[in-house]
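Trainee:
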Amino acid sequence: MKKWITLALYAGALLTILICRGELQALMEDVSLPAAAGFALAFLFAFFPVLPYKLVIASLGFLYGPAAGALIAWLAVTAASLLQYTLVRRFFRKQGQAALARFSGLERAGRLMERRPFAVILAARLVPLLPQALVNLYPAFLNIRPAVYIVASALGKIPAMLVFAFVGQNLFTDLPKTLTVLALYGGFLIVVYAAYRFKFRSPAEEEADRDPL
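What follows is the structure, encoded as structure tokens:
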């Protein structure tokens, strides 16, 4: 019963935020917005992903500067990720495990994550190819300690927070520097993704390398 109440409360809050999304987004454009209110809005948009979070980070960078904006966004999204992870692990873990068992690809990915949880979660945060909401939920279904999840997840978010907070402050004032930072960040993502693919190849790929015929 508790899990259905939790799900209903989340759905109701999500619908409310969707309806009020424009007003909430307008608040983040108010240059007089206190930092505590900025954190609350950032947490809200991280926990209820109704806006691309890159826009939230950029707005905070514009309001408070790159360093403070990145810190506020990082604290907010880390807190929201931990709360999502905790709720899913507490109320929906069995259902998630049953769903994973029905799909062999997801089950193999789960075994890889359980073998090397810190490295895989860190890579998933550094190279955001997967929806980040999925990265919040997937580890909650597996045998991964909360401390490992939260540390790897928090560290993996830092580069994106710094980059998009910088972009938010400098996009309209220093376009060449902004483009340079984005290009460097793109190169960083390519390197991390290549390293991830090399280090964490699937069993099928490793078998093919050993026996090309």
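Residue numbers (the UniProt record's numbering): 1 to 213.
Where is the CB? At the ideal position from N, CA and C, for every residue including glycine.
Give a yes or no on contact between the segment 63-81 and the segment 153-167, applying the rule of three or more CB pairs nearer than 8 Å.
Mentor: Segments in contact, yes.
Trainee: Are the CB atoms of Y185 and A163 within a distance shorter than 9 Å?
Mentor: As a first step, residue 163 is located in the sequence shown; it is residue number 163 there, counting from the start. As a first step, residue 185 is located in the sequence shown; it is residue number 185 there, counting from the start. It should be pointed out that residue 163 corresponds to Val in this sequence rather than to Ala. Cβ atoms of V163 and Y185: closer than 9 Å.
Trainee: Taking three-plus beta-carbon pairs below 8 Å as touching, is the segment 23-33 in contact with the segment 131-139?
Mentor: Short answer: they don't touch.
Trainee: May I have a chain-ordered list of the alpha helix (DSSP H) segments no shorter than 4 residues that lie completely inside the UniProt domain "VTT" (51-169)?
Mentor: Qualifying alpha helix (DSSP H) stretches, in chain order: 53-64, 66-91, 93-101, 104-115, 117-126, 132-137.
Trainee: Spatial neighbours of Q84 within its chain, please: C-beta separation below 6 Å, excluding the five flanking residues on both sides.
Mentor: Position 84 of the sequence shown, counting from 1, holds the residue named residue 84. Excluding residues within five positions, the ones whose Cβ falls inside 6 Å are N136.
Trainee: For the structure I just gave you, are there three or more beta carbon pairs, one from the segment 87-97 and one from the segment 52-71, closer than 8 Å?
Mentor: Because the criterion of three Cβ pairs below 8 Å is not met, the segment 87-97 and the segment 52-71 do not touch.
Trainee: Work out the CA separation of R115 and I144 for me, nearest whole Å.
Mentor: Your numbering for residue 144 matches position 144 in the sequence shown. Your numbering for residue 115 matches position 115 in the sequence shown. Answer to the nearest angstrom: the Cα atoms are 9 Å apart.
Trainee: Pop quiz: V56 and A68 are said to be a contact at Cβ under 8 Å. What is the actual Cβ separation, rounded to whole angstroms?
Mentor: What you label residue 56 is simply residue 56 of the sequence shown in a count that begins at 1. What you label residue 68 is simply residue 68 of the sequence shown in a count that begins at 1. Not really, about 14 Å apart at Cβ, beyond 8 Å.
Trainee: Just to confirm the assignment, what range does the alpha helix (DSSP H) spanning E23 have?
Mentor: Position 23 of the sequence shown, counted from the start, is the residue given in the question as residue 23. From DSSP, the alpha helix (DSSP H) with E23 extends over 21-27.
Trainee: Please list the terminal residues of the continuous alpha helix (DSSP H) segment that includes F47.
Mentor: Position 47 of the sequence shown, counted from the first residue, corresponds to residue 47. It spans 35-47 - the alpha helix (DSSP H) in which F47 sits, taken as one unbroken run.
Trainee: I'd like the list of long-range same chain contacts for A70, defined as Cβ closer than 6 Å, with 5 residues on each side in sequence excluded.
Mentor: For the purposes of this step, residue 70 is taken as the residue at position 70 of the sequence shown. The residues are M161, L162, A165.
Trainee: Ignore the nearest five residues each way along the sequence and tell me which others in F118's own chain have a CB closer than 6 Å to its CB.
Mentor: In the sequence shown, the residue the question calls residue 118 occupies position 118. V148, A152.
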